[in-house]
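Chains as they are written, first to last, in my numbering: chain A, 445 to 503; chain B, 99 to 262.
Cβ atoms here follow ideal geometry from the backbone N, Cα and C, with glycine treated the same way.
Beneath this line is the structure, given in structure tokens, with notes to follow.
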């Protein structure tokens, strides 16, 4: 029986350029997302500290 | 993508890795956070994921060997759960992409199970002759290995030769 062989088509230069651009933008977006989440956590910790949250006596 | 098992990662990883907001996160001895994620590539012809590594504070932690060891454990678990292709694009921050590519290859080449994988790092000359570095990592057991590597090589060679 003849085996099936997949063929991966060659992309054009323009397609590769768009692929690279997309990869670069995703990478930058990930860095920005991680930074924004980190900043939000720092702000939240700061706000909690300023509100005296950490000084509450539970007993 | 199949989610990674952090317990499996942490059996070998020097830093404790946890899953948070669809990212794999670890904190170094110096208190520096690293976040890892994998994003599906848009190429419709085979399944591949872009590996992302980010440090929100952008602090440097040179000579911390536990960082590459932890990253390799995450990548190993990625391939255990996802028999796909991993792509990595080096950051161009401070124009140090070539150094980052060499560092990534050094990390990977020091990995004891390295022979299970085929890794190819290439320089790509994009717009304005900006150099970027991309690595393709694929398990040698992948039945499409030869075809994918051959296509990747051909495309990058064509891309670098042709002027826009």
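Contact list for residue i against chain A, beta-carbon separation under 8 Å
i, result
"residue 249 (chain B)", "452, 454"
"residue 246 (chain B)", "452"
"residue 230 (chain B)", "464, 468"
"residue 253 (chain B)", "454, 455, 460"
"residue 119 (chain B)", "481"
8 Å Cβ cutoff, residue i in contact with chain B
i, result
"residue 466 (chain A)", "yes"
Top-ranked residue by Cα proximity to residue i, from the options
i, options, result
"residue 267 (chain B)", "B:140, B:149, B:172", "This structure leaves residue 267 (chain B) out entirely; chain B is present only between 99 and 262."
"residue 213 (chain B)", "B:137, B:174, B:242", "B:174"
"residue 464 (chain A)", "B:188, B:193, B:238, B:209", "B:188"
"residue 128 (chain B)", "B:121, B:142, B:211, B:162", "B:162"
"residue 196 (chain B)", "B:151, B:137, B:223, B:110", "B:223"
"residue 204 (chain B)", "B:183, B:154, B:166", "B:166"
"residue 126 (chain B)", "B:184, B:242, B:238, B:160", "B:160"
"residue 247 (chain B)", "B:220, B:227, B:228, B:260", "B:220"
"residue 216 (chain B)", "B:202, B:237, B:164", "B:237"
"residue 233 (chain B)", "B:119, B:106, B:102, B:150", "B:150"
"residue 192 (chain B)", "B:229, B:114, B:144, B:251", "B:229"
"residue 467 (chain A)", "B:120, B:185, B:103, B:102", "B:185"
Within chain B, the residues that residue i reaches when beta carbons sit closer than 7 Å
i, result
"residue 489 (chain A)", "Near residue 489 (chain A) there are no residues of chain B at all, since even the closest Cβ is about 13 Å away, more than 7 Å."
"residue 479 (chain A)", "154"
Alpha-carbon to alpha-carbon, residue j and residue i
i, j, result
"residue 448 (chain A)", "residue 240 (chain B)", "Since pLDDT at residue 448 (chain A) reaches only 48, below the 50 mark, its modelled position is unreliable, and the value read off the structure follows with that caveat. About 16 Å."
"residue 179 (chain B)", "residue 100 (chain B)", "6 Å"
"residue 116 (chain B)", "residue 245 (chain B)", "36 Å"
"residue 257 (chain B)", "residue 459 (chain A)", "10 Å"
"residue 218 (chain B)", "residue 485 (chain A)", "38 Å"
"residue 473 (chain A)", "residue 255 (chain B)", "28 Å"
"residue 231 (chain B)", "residue 169 (chain B)", "19 Å"
"residue 253 (chain B)", "residue 494 (chain A)", "56 Å"
"residue 132 (chain B)", "residue 183 (chain B)", "22 Å"
"residue 457 (chain A)", "residue 470 (chain A)", "20 Å"
"residue 140 (chain B)", "residue 206 (chain B)", "25 Å"
"residue 106 (chain B)", "residue 153 (chain B)", "23 Å"
Cβ of residue i within 8 Å of any chain A Cβ
i, result
"residue 148 (chain B)", "yes"
"residue 257 (chain B)", "yes"
"residue 99 (chain B)", "no"
"residue 135 (chain B)", "yes"
"residue 115 (chain B)", "no"
"residue 144 (chain B)", "yes"
"residue 140 (chain B)", "yes"
"residue 187 (chain B)", "yes"
"residue 128 (chain B)", "no"
Partners in chain A for residue i, counting only beta-carbon separations shorter than 9 Å
i, result
"residue 222 (chain B)", "460, 464"
"residue 131 (chain B)", "478, 482"
Residues that residue i contacts on chain A, provided the C-beta gap is smaller than 7 Å
i, result
"residue 260 (chain B)", "457"
"residue 161 (chain B)", "Within 7 Å Cβ-Cβ: nothing; residue 161 (chain B) doesn't reach chain A, min ~23 Å."
"residue 227 (chain B)", "Near residue 227 (chain B) there are no residues of chain A at all, since even the closest Cβ is about 13 Å away, more than 7 Å."
Residue i Cβ short of 7 Å to the ligand MG heavy atom set
i, result
"residue 188 (chain B)", "Looking for the ligand MG in the displayed structure turns up nothing, as the structure carries no ligands at all."
At which residue ranges does the segment 165–200 of chain B contain complete beta strand (DSSP E) runs of 3 or more residues, listed in the order of the chain?
-> 183–187
Which residue spans inside the segment 199–262 of chain B form an unbroken beta strand (DSSP E) run of at least 3?
-> 215–223, 229–237
Considering only residues of the segment 107–144 of chain B, which uninterrupted beta strand (DSSP E) runs meet the minimum length of 3 residues and lie entirely inside it, listed in chain order?
-> 116–118, 121–125, 131–138
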